[in-house]
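Asks: Yeah, the sequence shown ends on 342 if you go by this note's numbering, and it's all consecutive.
To start, I am sharing the structure in question, which I have written as structure tokens.
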Amino acid sequence: MQSRELPEGLVSRLRDAGCVFAEEEALLLLSGAPGAAVLDRMVAQRLAGQPLEQILGWASFGGLRVALRPGVFVPRRRTEFLAAQAVNVLAGRSARLVVELCCGSGAVAMALSAAVPDCRIYAVDLHPEAVECARSNLPQASVLKGDLFLALPQELRGRVDLVVANAPYVPTAALALLPREARNYEPAATFDGGRNGLDTVGRIISEAPQWLGSRGKLLLECSEEQAAAVDGLLAAAGLAPQILRKEETDATVAVGSAPPRRTKGTGQTG
């Protein structure tokens, strides 16, 4: 089968529209289009600012291909650091009950499932489009629609080994500074973290200790500027805080570790 040639001027049109990796994007659009008419439509969508991943129907995340659809948050490269830290947590545990909150497409849970196949995953999102998308990506997980921990079965309370979340953390006033494709094609609620960006993050931190098991961990993505405030919220909730940073991708992960719990009647910790 002969390879198709890029239409003349396509790369320059994408570059003029602000696509930094115009040649790479042109090749992806060409490979994803079965014919010239479809390619023209896809290019028009990209020139209008729609995220490339939504046009293609998938995003690359941690070496995996994550199915996407219009209206669903596009997983960012920086969030691969959150997934990698979550994998590190599970690697040292025999019990592996995981909850991903604000799961979006389910990209982080996909990475966890691929690296630690025997983990049991519950993924939660409030938005119906995201829930349907995550269900297509996570057939082996329980994907639930609801508001954070309220969506979970009550029998999980006090038993979860890992809670992981890339929750909205952009301050409301900074939403206007987001790239055009994010402002116009991804739900604002998936970015908007309230006045200081920590409304949803703060809720997760305050409720997590009720759900974490002995020595369970909470992992959250945040900005570098928010790290000190998140550290304080974790400590106030009784979780031992730690801030992790990866400069190459501008990624910050806050870790909150639950203390060991005493076994009733023995005086021992578990």
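Just so it is clear, CB atoms sit at the ideal spot from N, CA and C, and this is done for glycine as well.
Going by the DSSP bridge assignment, what does residue 233 pair with across the sheet?
Replies: Partner(s): none; residue 233 has no beta bridge.
Asks: According to the neighbour-count rule (16 or more other Cβ atoms, all chains shown, within 10 Å of its Cβ), is residue 249 buried or exposed?
Replies: Exposed is the call here.
Asks: Considering only the alpha carbon of each residue, which of 95, 170, 296 lies closest to residue 288?
Replies: With distances taken between Cα atoms, residue 288 lies closest to 170.
Asks: Quick one, are the C-beta atoms of residue 324 and residue 278 less than 8 Å apart?
Replies: Their beta carbons are not under 8 Å apart, which means residue 324 does not touch residue 278 by this criterion.
Asks: With which residues is residue 294 paired in a DSSP beta bridge?
Replies: 324
Asks: For residue 190, does the three-state DSSP call read helix, strand or coil?
Replies: coil
Asks: Which residue spans inside the region 231-318 form an unbroken alpha helix (DSSP H) run of at least 4?
Replies: Within the region 231-318, the complete alpha helix (DSSP H) segments at least 4 residues long are 252-257, 271-283, 299-308, listed from N- to C-terminus.
Asks: Find the nearest neighbour of residue 282 within the set 330, 138, 245, 254, judged by alpha-carbon distance.
Replies: 330
Asks: Going by the beta-carbon positions, is the gap between residue 133 and residue 147 smaller than 8 Å?
Replies: yes
Asks: Would the beta-carbon of residue 121 fall within 8 Å of that of residue 275?
Replies: no
Asks: Would you report the Cα separation of residue 303 and residue 290, rounded to the nearest angstrom?
Replies: 12 Å
Asks: Report yes if the C-beta distance between residue 178 and residue 195 is below 8 Å; otherwise report no.
Replies: yes
Asks: Just to confirm my understanding: we take residue 92, look at its own chain, exclude 5 residues before and 5 after, and list those with CB closer than 6 Å. What are they?
Replies: none
Asks: Give the single residue among 112, 298, 142, 118 whose Cα lies nearest to the Cα of residue 126.
Replies: Nearest neighbour of residue 126 by Cα position, chosen from 112, 298, 142, 118, turns out to be 142.
Asks: What is the residue span of the beta strand (DSSP E) that residue 139 lies within?
Replies: 136-139
Asks: Looking at the secondary structure, which residues open and close the beta strand (DSSP E) in which residue 172 lies?
Replies: 169-173
Asks: Residue 216 bridges to which residues according to DSSP?
Replies: 196
Asks: Considering only residues of the same chain and omitting the five flanking positions on each side of residue 150, which have a CB-CB separation below 7 Å?
Replies: 321, 322, 323
Asks: Find out if the Cβ-Cβ distance for the pair residue 105, residue 174 is shorter than 8 Å.
Replies: No, the Cβ-Cβ distance between residue 105 and residue 174 is not below 8 Å.
Asks: Is the beta carbon of residue 98 sitting closer than 8 Å to the one on residue 78?
Replies: yes
Asks: Between which two residues does the alpha helix (DSSP H) containing residue 133 stretch?
Replies: Here residue 133 belongs to no alpha helix (DSSP H); instead the beta strand (DSSP E) covers 130-133.
Asks: Please report the straight-line C-alpha distance between residue 338 and residue 144, rounded to a whole angstrom.
Replies: Any reading at residue 338 must be qualified, since the residue scores a pLDDT of 48, below 50, and its modelled position is unreliable; the value itself is stated next. When rounded, the distance between both Cα atoms is 49 Å.
Asks: Quick check: residue 85 and residue 111, are their CB atoms within less than 8 Å of each other?
Replies: no
Asks: Relative to the C-alpha of residue 232, which candidate in 243, 284, 206 has its C-alpha closest?
Replies: 284
Asks: Tell me the DSSP secondary structure of residue 166 in three-state form.
Replies: Look at residue 166 here: in three-state DSSP terms it is coil, with no helix or strand label.
Asks: Figure out for me which residue from 152, 191, 215 has the closest Cα to the Cα of residue 197.
Replies: 215
Asks: Quick check on the burial criterion: 16 or more other C-beta atoms within 10 angstroms. Buried or exposed for residue 160?
Replies: With fewer than 16 other Cβ atoms within 10 Å, it is exposed.
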